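Under our numbering, the first residue of the sequence shown carries the number 24, and numbering increases by one thereafter.
Even for Gly, the Cβ is constructed at its ideal location relative to N, Cα and C.
Owing to the predicted nature of the structure, the values given are computational and were not obtained by experimental measurement.
A short worksheet on the structure shown next.
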Amino acid sequence: MKILMYSVRPDDSVRPDEQLAIKSWAKRNAIQVDTTPLNLVDNIDMAAGYDSISIVQHAAIDDPDVYSRLADLGIHHIALRITGYNTINFKAADANQIVVTNVPAYSPRSVAEATLMHTMVLLRHLEAAEARMRQHNYSWDELQAREIHNLTIGIFGAGKIGGTVARIFKALGAHVIANDLIHRTDLADTVEYVDFETLLAQSDIVTIHTNLNDTTHHLFNGATFAKMKKEALLINCARGPIIETPALIAALNAGIIAGAGLDAVEGEENFVEHDLSNEHALDFTTYDQLLAMPNVSVTLHIGFYTDAAVQNMVDIALDDIVLVAHSKNSPHVVHD
24 MKILMYSVRP DDSVRPDEQL AIKSWAKRNA IQVDTTPLNL VDNIDMAAGY
74 DSISIVQHAA IDDPDVYSRL ADLGIHHIAL RITGYNTINF KAADANQIVV
124 TNVPAYSPRS VAEATLMHTM VLLRHLEAAE ARMRQHNYSW DELQAREIHN
174 LTIGIFGAGK IGGTVARIFK ALGAHVIAND LIHRTDLADT VEYVDFETLL
224 AQSDIVTIHT NLNDTTHHLF NGATFAKMKK EALLINCARG PIIETPALIA
274 ALNAGIIAGA GLDAVEGEEN FVEHDLSNEH ALDFTTYDQL LAMPNVSVTL
324 HIGFYTDAAV QNMVDIALDD IVLVAHSKNS PHVVHD
């Protein structure tokens with residue numbers, strides 16, 4: 024068996040994080056795994072001679088020709104090394120008998136800890152305080168914080184990541200409520216399940232941990248923000264398009280909600296993982312607006328990016344390739 028992994032930083036990069044995990048897996052399993060820093064869409068022919076491929080893909084792969092060309096090369100499995108699979112054209116994948124797997128829970132704690140980080144940055148007004156200090160302004164005006172144990176945390180999507188977030192905030196003494204179609208018995212002592220409207224109305228902090236699909240796309244919009252507390256914070260460590268970004272910026276400017284912590288931003292596929300410091304053709308307006316706000320905390324979709332998570336992403340994706348190749352069912356097969 025031969026596997027090709029796209030979008031892997033090379034060994035000579037500053038931090039070849041995935042390479043260590045890949046080499047470890049290949050040695051344990053005695054399977055040839057080759058890597059390239061290039062993406063799939065522009066380099067499909069590189070898959071010739073391989074049995075399967077693995078990708079990290081933030082931009083949509085809509086073109087049906089991508090899937091037909093892969094099938095012509097004998098590729099009938101795409102192993103995503105991420106959770107989100109909204110980038111896949113499943114109609115085209117199905118038409119070419121291509122199975123798609125993802126990594127649904129590479130490290131729930133990595134994203135949960137990032138959620139806590141954004142929350143603390145906002146509650147403690149760290150962005151505003153640092154901006155003042157850079158101007159040698161050391162006043163305390165409007166920097167009084169709130170303590171987590173006095174707050175209600177609203178979890179939108181209480182799956183593996185959301186459930187981990189719930190437990191962290193519960194351990195800190197917060198009242199935790201959640202909205203999810205599935206009411207998990209293992210969270211019975213941790214969360215109170217409520218409907219979406221109640222979540223919005225009662226939460227001091229709303230944190231998003233759900234997939235991006237037709238029902239969640241722009242679910243958080245102007246009408247949604249109007250139903251939240253004026254003191255509420257919104258945290259998104261899931262997918263950018265779940266929030267309608269212009270509406271969020273307008274709500275923040277108007278004081279409709281108090282702040283936002285964003286690890287995922289709509290349109291990030293044009294920016295994430297790229298050094299664009301010398302790029303002048305792209306429109307950075309959205310990021311620039313968000314970064315200029317003292318009540319907004321922004322990171323570049325690195326909530327997942329820990330040593331444990333990277334190892335798990337590689338191991339699960341490659342294990343699935345072996346399972347599918349031997350006609351065994353993978354628990355990580357995804358569909359539209």
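Can you tell me the Cα-Cα spacing of F243 and E267, whole angstroms? 6 Å
Can you tell me where the beta strand (DSSP E) holding A201 begins and where it ends? H198 to N202
On the CB-based measure, 16 or more other CB atoms within 10 Å of its CB, does N259 come out buried or exposed? buried
In three-state DSSP terms, what is G185? helix
Going by DSSP, what residues sit across from E215 in a beta bridge? I200
Would you check if the segment 272–279 and the segment 119–134 touch, i.e. whether three or more CB-CB distances between them fall below 8 Å? Verdict: no, contact absent.
For D65 and A304, the rounded distance between their alpha carbons: Note on geometry: alpha-carbon atoms of A304 and D65 lie some 21 Å from one another.
Would you kindly work out how many angstroms separate the C-alpha atoms of A82 and A332, rounded to a whole number? For the pair A82 and A332, the Cα-to-Cα distance works out to about 21 Å.
Ignoring anything shorter than 4 residues, give me the alpha helix (DSSP H) runs that lie fully in the segment 237–273, in order along the chain. 245–249
Excluding the 5 residues preceding and the 5 following Y108 in the sequence, name in chain order all residues of the same chain whose CB lies nearer than 6 Å to its CB. Closer than 6 Å at Cβ, skipping near neighbours: N125 and V357.
Could you check if R157 is buried or exposed, using at least 16 other CB atoms within 10 Å of its CB as the buried criterion? exposed
Once the 5 residues before and after A135 are set aside, which same chain residues still bring their CB inside 7 Å of it? I184, T187, V188 and I191
From the DSSP secondary-structure annotation, give me the bridge partner or partners of A102. S77 and T124
Are T106 and I228 close, meaning C-beta to C-beta below 7 Å? no
Any contact of the segment 219–228 with the segment 250–259, i.e. 3+ C-beta pairs under 8 Å? yes
Pick out whichever of H232, T233 and A270 has its Cα sitting closest to the Cα of F248. A270
Environment of S47 [buried if 16+ CB atoms lie within 10 Å]: exposed
Is the CB-CB distance between L256 and A287 below 7 Å? no
For V144 and G284, which I take to be in contact (beta-carbon distance under 8 Å), what is that distance rounded to the nearest angstrom? Correct: roughly 7 Å between the Cβ atoms.
Within 10 angstroms of its Cβ, does Q80 collect 16 or more other Cβ (buried), or is it exposed? buried
Would you call the segment 208–216 and the segment 160–172 in contact, with 3 or more CB pairs under 8 Å? no
First and last residue of the uninterrupted beta strand (DSSP E) at K46: Per DSSP, K46 belongs to no beta strand (DSSP E); it is in the alpha helix (DSSP H), D40 to N52.
CA-CA distance, G177 and H324? 21 Å
Assign H206 to one of two classes, buried (16 or more other C-beta atoms within 10 Å of its C-beta) or exposed (fewer than that). exposed
For the alpha helix (DSSP H) containing I339, list its first residue and its last residue. D330 to A348
Determine the direct distance from the alpha carbon of R92 to that of P354, and round the result to whole angstroms. 26 Å
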